[in-house]
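Trainee: If you scroll down you'll find the structure; I have some questions about it.
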Amino acid sequence: MNLSHIEHIGIAVKSLDEAIPFWEKQLGLKCYSIEEVKEQKVRTAFFKIGQSKIELLESTEPDGPIGKFIEKKGEGIQHVAFAVSGIQDNLTELEGKGVQLIDKAPRKGAEGLNIAFLHPKSTHGVLLELCEDPKK
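Okay, structure coming up:
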C-alpha cells in the first residue's frame, strides 16, 4: 500500500447551509469549495486543516448513498479517505489480499480526484476511500 496521509474525513449532513456555519464560525475553518458530484447524488463542502481536509456531504437525492446513510444512521462520520499513489495497483493488491472492494477500478470524485471505496465488511465497519490526485 502507498498511503501518504489522511486525505479527508467525510461527514454526512442533512444540509450544507446549516452545517457550514458551525465549521466556519465555531471552529474558525474556511469553506474553500462547494461542489456537486451528480454521479454520487451529493453536494460537498471542503475545509482544509493541515495536510488533511474535512468533507461535508449533503445528499441531492433521498435514494443516494448519503441520503440512505443519514436515514439509517443519522448525521456523522461516513468515511475516512486516504491519499495514495498508484490507486489501481493498490486496489489490485487489496483484492488479492481478500479485501472486498466496492470499486474495482477508480472513478472520478470531488475535486477531480480518482477515488475508490473499500467495503466496510472488510475494514471492521469503516467505509474507507482511496484518493489519488491525477495531477501528481
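So in full-length UniProt numbering, spot 38 of the sequence shown is number 38, and the numbers just go up one at a time.
Idealized CB from N, CA, C, for every residue including glycine.
#1: Out of Phe-22, Asp-63, Tyr-32, Glu-36, state which residue places its alpha-carbon closest to the alpha-carbon of Lys-48.
#2: Counting C-beta neighbours from all protein chains within 10 Å, is the total for Arg-107 16 or more, i.e. buried, or is it exposed?
#3: Looking at the secondary structure, which residues open and close the beta strand (DSSP E) in which Asn-114 lies?
#4: DSSP beta-bridge partners for Ile-9?
#5: Would you mind giving the Cβ-Cβ distance between Ser-59 and Val-42, rounded to the nearest angstrom? I have them listed as a contact below 8 Å.
#6: Classify Ala-110 as buried or exposed, calling it buried when 16 or more other Cβ atoms lie within 10 Å of its own Cβ.
#7: So which of Phe-82, Gly-74, Gly-76 has the shortest CA-CA distance to Ser-4?
#8: Could you check whether Ser-122 and Gln-88 sit closer than 8 Å to each other, using their CB atoms as the reference points?
Mentor: Taking the coordinates as given:
#1: Translated into positions along the sequence shown, residue 48 becomes position 48. Answer by Cα proximity: Tyr-32.
#2: Here residue 107 refers to the residue found at position 107 when the sequence shown is read from its first residue. Looking at its Cβ environment, which holds fewer than 16 other Cβ atoms inside 10 Å, Arg-107 is exposed.
#3: Taking the sequence shown and counting its residues from 1, the one referred to as residue 114 is at position 114. According to the DSSP assignment, Asn-114 belongs to the beta strand (DSSP E) that extends over 114-118.
#4: Mapped onto the sequence shown, residue 9 falls at position 9. Ile-9 is bridged to Ile-54, Val-80.
#5: Along the sequence shown, read from residue 1 onward, the residue named residue 59 stands at position 59. Along the sequence shown, read from residue 1 onward, the residue named residue 42 stands at position 42. Rounded to the nearest angstrom, the Cβ distance from Ser-59 to Val-42 is 6 Å, consistent with a contact under 8 Å.
#6: Taking the sequence shown and counting its residues from 1, one reaches residue 110 at position 110. Counting the other CB atoms within 10 Å of its CB gives Ala-110 a total of 16 or more, which places it among the buried residues.
#7: By 1-based counting over the sequence shown, the position of residue 4 is 4. Residue Phe-82 is the option with its Cα nearest to Ser-4.
#8: Walking along the sequence shown from the start, residue 88 turns up at place 88. Walking along the sequence shown from the start, residue 122 turns up at place 122. Their beta carbons are not under 8 Å apart, which means Gln-88 does not touch Ser-122 by this criterion.
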